[in-house]
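Written below as structure tokens is the structure these notes are about.
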Amino acid sequence: MMRLDGAACDGKFKEGLIFRIVVTYRAAFTKGHETSQCWKCTRAAGLSGFYEIEDERYTYMR
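One rule links them: number in the working numbering = place in the sequence shown (from 1) + 784.
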């Protein structure tokens, strides 16, 4: 589980809040590349912050 550095999951954010960023791009001779990162606000014993959702449906590089 990777923590999103510098992002506090404090009272400003609802527990369980999820955000996802998807970037599609192309290179000089190829197209159809896509990167997706998905993070969830977690407040539990020993954990507090936005953590990457480790599910290949939401966090991937193609």
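All residues carry an ideal CB built from backbone N, CA and C; glycine is no exception.
Fair warning: this is a prediction, and the values are worked out from it, not measured in the lab.
Terminal residues of the beta strand (DSSP E) in which residue i lies
i, result
"E836", "L831 to E836"
"F803", "I802 to Y809"
DSSP three-state assignment for residue i, whether helix, strand or coil
i, result
"R827", "strand"
"Y842", "coil"
Classification of residue i by the beta-carbon crowding that lies within 10 angstroms, buried from 16 upward
i, result
"F834", "buried"
Beta-ladder partner(s) of residue i, from DSSP
i, result
"Q818", "The sequence given here has Glu at residue 818, not Gln. Partner(s): T808."
Beta-carbon gap between residue i and residue j smaller than 7 Å
i, j, result
"I837", "C825", "no"
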